[in-house]
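Numbering (full-length UniProt numbering), first residue to last: 1 to 342.
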Amino acid sequence: MTVANAEIAGELVAPLTAGPGWAEEVRRLARERDAVVLAHNYQRPEIQDVADHTGDSLALSRIAAASDASTIVFCGVHFMAETAKILAPEKTVLIPDALAGCSLADSITADELRAWKAEFTASGHPAPVVVSYVNTTAAVKAETDVCCTSSNAVEVVDSIPADREVLFLPDQFLGAHVQRITGRANLHIWAGECHVHAGINGATLTAKAQADPDADLFVHPECGCATSALYLAGAGAVPAEQVHILSTGGMLDAAKNTTKASVLVATEVGMLHQLRRANPEVDFRPVNDRAACGYMKMITPGALTRALVEGRDEVHVDPDTAARARGAVQRMIEIGRPGGGE
Ligand code: SF4
């Protein structure tokens, strides 16, 4: 093998960086295993570059379902690989490191969601409609009526009759964004958050925006600063037309069309690689250059090689859970533009 993997006591150790010939080796191994390699936008640049497809979580899962390959290697975090398995149950789905979790998905369990629903109806309310962001486990999706992404969360909530109570989870910032746009008083929001996005706060955004008043602002609605960005626009501190609240897929489209010399980006820093590739003329800068997701970065070049060589770690979703979760994802797709989520 040309890749610089070391063997210690028979265990293949995953190096952090790609050695010479690594990309060619990955392509060869993928062909041998009849595998398609998918990489989320927050992956390390070398993983994004070697993948067959790079994108956001839902778009990648739909590619997985449509692919002819018998094996999907999902370079992302665990709930994303689960979503691919839900949409492509007949395929083998591998994640290069099964410990790559997500603090947002972990902020609510299926038991907590069942207890929330029970508490809600016990207090005299009619049964609520449960809307879950796609950053949730398969078990939580199975307890959900309809999923949403950051691109279509407003559309999904708007599709629910106005007199129905809605439980929205798990992200409080995305929930606040939806509530602001829909003006809906009967939207109940779970207080979950992603530690990476919550760390991009309003004070940092304000300082960066004031230092570069001509720059466009691309803000992911899961960010702690999404509210601040809208406030800044409302207060006239930044012209409203410069503030764009966008999913990661939306950011890529906007990157291709921006006429600005510089753009401040408020989301996980891995996204910058795709934005710079999409429009090399523009200076894309992070609002917080320490906003890196440690879980995403667990997918190292060595871990990807190991996944292809050893066929691990395989992702399993129990068929009943998968069927119920699939219903929630499909209802979202039927509502319209599914967008891409994170
Ligand atoms: S950036 Fe946040 S929401 Fe995304 S995978 Fe990491 S922990 Fe989860």
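We treat Cβ as the ideally placed atom computed from N, Cα and C, and that holds for glycine. Model, not experiment: these values are computed from the prediction.
Pop quiz: residue i and residue j are said to be a contact at Cβ under 8 Å. What is the actual Cβ separation, rounded to whole angstroms?
| i | j | result |
| --- | --- | --- |
| Ala-226 | Ala-233 | The pair is not a contact, with the Cβ atoms about 11 Å apart (cut-off 8 Å). |
| Ala-323 | Thr-144 | Ala-323 to Thr-144, Cβ: 13 Å. No contact. |
| Ala-66 | Ile-72 | 11 Å between Cβ atoms; not a contact. |
| Leu-87 | Arg-62 | 7 Å |
| Ser-151 | Gly-224 | Rounded, the Cβ-Cβ distance is 19 Å, inconsistent with contact. |
| Ser-57 | Met-80 | 5 Å |
| Gln-242 | Leu-217 | 6 Å |
| Ile-335 | Ser-159 | 5 Å |
| Gly-101 | Tyr-295 | 5 Å |
| Lys-208 | Leu-275 | So it is not a contact: roughly 16 Å between Cβ atoms. |
| Ile-200 | Ala-142 | So it is not a contact: roughly 31 Å between Cβ atoms. |
Please state whether DSSP places residue i in a helix, a strand or coil.
| i | result |
| --- | --- |
| Leu-264 | strand |
| Gly-55 | strand |
| Asp-320 | helix |
| Pro-128 | coil |
| His-220 | coil |
| Ile-245 | strand |
| Pro-20 | coil |
| Ile-92 | Checking the sequence, you will find Thr at residue 92 rather than Ile. In this structure, Thr-92 counts as strand in the three-state DSSP scheme. |
| Ile-72 | strand |
| Glu-31 | Sequence check: residue 31 is Arg here, not Glu. Three-state DSSP puts Arg-31 in a helix. |
| Ala-254 | helix |
| Arg-290 | coil |
| Val-77 | coil |
| Val-36 | strand |
| Asp-49 | helix |
| Asp-145 | coil |
| Glu-281 | coil |
Alpha carbon to alpha carbon, how far is residue j from residue i? Give it in angstroms, no decimals.
| i | j | result |
| --- | --- | --- |
| Val-238 | Ser-247 | 20 Å |
| Ala-28 | Asp-68 | A quick correction: the sequence has Arg, not Ala, at residue 28. Roughly 17 Å separates the two Cα atoms. |
| Asp-212 | Ala-30 | 44 Å |
| Pro-161 | Thr-121 | 18 Å |
| Asp-253 | Lys-260 | 14 Å |
| Pro-319 | Lys-91 | 13 Å |
| Asn-288 | Pro-126 | 43 Å |
| Ala-51 | Ala-185 | 43 Å |
| Gln-48 | His-177 | 30 Å |
| Gln-172 | Pro-20 | 44 Å |
| Arg-277 | Val-129 | 40 Å |
| Asp-313 | Arg-326 | 22 Å |
| Gly-202 | Arg-164 | 33 Å |
| Ala-4 | Ile-333 | Model confidence at Ala-4 stands at a pLDDT of 39, short of 50, so the residue's coordinates are unreliable; what they give is reported in the following sentence. Taking the straight line from one Cα to the other gives about 43 Å. |
| Thr-149 | Ile-189 | 15 Å |
| Asn-41 | Lys-85 | 19 Å |
| Val-13 | Lys-297 | Any reading at Val-13 must be qualified, since the residue scores a pLDDT of 48, below 50, and its modelled position is unreliable; no value is offered. |
| Leu-167 | Leu-187 | 6 Å |
| Leu-104 | Phe-74 | 19 Å |
| Thr-17 | Val-26 | 13 Å |
| Pro-89 | Gln-210 | 49 Å |
| Ala-215 | Asp-283 | 9 Å |
| Cys-194 | Val-219 | 15 Å |
| Glu-268 | Thr-109 | 24 Å |
| Ala-39 | Glu-119 | 39 Å |
| Thr-137 | Ala-191 | 17 Å |
| Ile-181 | Val-156 | 12 Å |
| Lys-117 | Val-146 | 15 Å |
| Arg-33 | Ser-70 | 8 Å |
| Leu-60 | His-53 | 7 Å |
| Val-37 | Leu-304 | 9 Å |
| Leu-308 | Asp-97 | 12 Å |
| Pro-170 | Asn-135 | 8 Å |
When burial is assigned at 16 or more other CB atoms within 10 Å of the CB, is residue i buried or exposed?
| i | result |
| --- | --- |
| Asn-257 | exposed |
| Thr-300 | buried |
| His-197 | buried |
| Pro-280 | exposed |
| Arg-306 | buried |
| Ser-262 | exposed |
| Ala-291 | buried |
| Thr-2 | Only weak support exists for where Thr-2 lies, its pLDDT of 35 falling under 50; the value from the coordinates is given anyway. With fewer than 16 Cβ atoms within 10 Å of its Cβ, Thr-2 is classed as exposed. |
| Ser-123 | exposed |
| Arg-44 | buried |
| His-316 | exposed |
| Ala-115 | exposed |
| Ser-132 | buried |
| Leu-205 | buried |
| Leu-99 | exposed |
| Ile-8 | Because the pLDDT at Ile-8 is just 36, under 50, the model does not fix this residue reliably, and the point stays unresolved. |
| Glu-82 | buried |
| Glu-222 | buried |
| Gly-175 | buried |
Relative to ligand 3, is the shortest distance from any of its heavy atoms to the C-beta of residue i smaller than 6 Å?
| i | result |
| --- | --- |
| Leu-58 | Absent from the structure shown: ligand 3. Ligands present: ligand 1. |
Does the CB of residue i have a neighbour CB from chain C at under 7 Å?
| i | result |
| --- | --- |
| His-188 | No chain C is part of this structure, which consists of one protein chain only. |
Which whole runs of the beta strand (DSSP E) in the region 153-240 are 3 residues long or more, in chain order?
Taking 3 residues as the shortest admissible run, the region 153-240 contains the following complete beta strand (DSSP E) segments, listed from N- to C-terminal end: 166-169, 187-189, 216-219.
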